[in-house]
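Everything on this sheet refers to the single structure shown next.
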Amino acid sequence: MTFVLNGKIDWLCQRCHRESIVQSVFRPGFLIICLTVLLTLVMYPLLRTLGFQLHSTLTGSYISGHHSVILINCPNEQAAKDVSRAIMERRLAACVNIFPKSYTM
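Numbering-wise (my numbering), the sequence shown opens with residue 6 and increments by one.
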């Protein structure tokens, strides 16, 4: 049974058809935007680390906040103290440890 009152059914069909076209066009776009945001949030630590590494590689600079350990062998304790003093004066290290007698096998 169909009720037609002054073309209301035609108007309803046209409106539903336009909305379905709009939904089919914008729904995949919205899904892609949501997935992009989600992947960016999930991969943020990895992307940040890669960005830091790329920046330090291209500029040759050191990014603070990353930790490094350097082991230096010196012929005697006085040479080790001189090297450590020079490193500390230039503020290249926060801490220097000198181990007087270490053996490697």
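Using N, Cα and C, we set each Cβ at its ideal position, and we do this for glycine too. All of these numbers come straight from a predicted model, not from anything done at the bench.
Below 8 Å on the Cβ atoms is my contact criterion, and I expect residue i with residue j to pass it. Report the Cβ-Cβ distance as a whole number of Å.
| i | j | result |
| --- | --- | --- |
| C79 | V88 | 6 Å |
| I92 | A84 | About 13 Å separates the two Cβ atoms, so there is no contact after all. |
Alpha helix (DSSP H) containing residue i: first to last residue?
| i | result |
| --- | --- |
| H60 | 49–64 |
| K86 | 82–94 |
So, using beta-carbon positions, are residue i and residue j closer together than 8 Å?
| i | j | result |
| --- | --- | --- |
| L105 | E82 | Before going on, a small fix: residue 105 reads as Pro here, not Leu. For P105 and E82, yes; Cβs fall inside 8 Å. |
| I75 | K86 | no |
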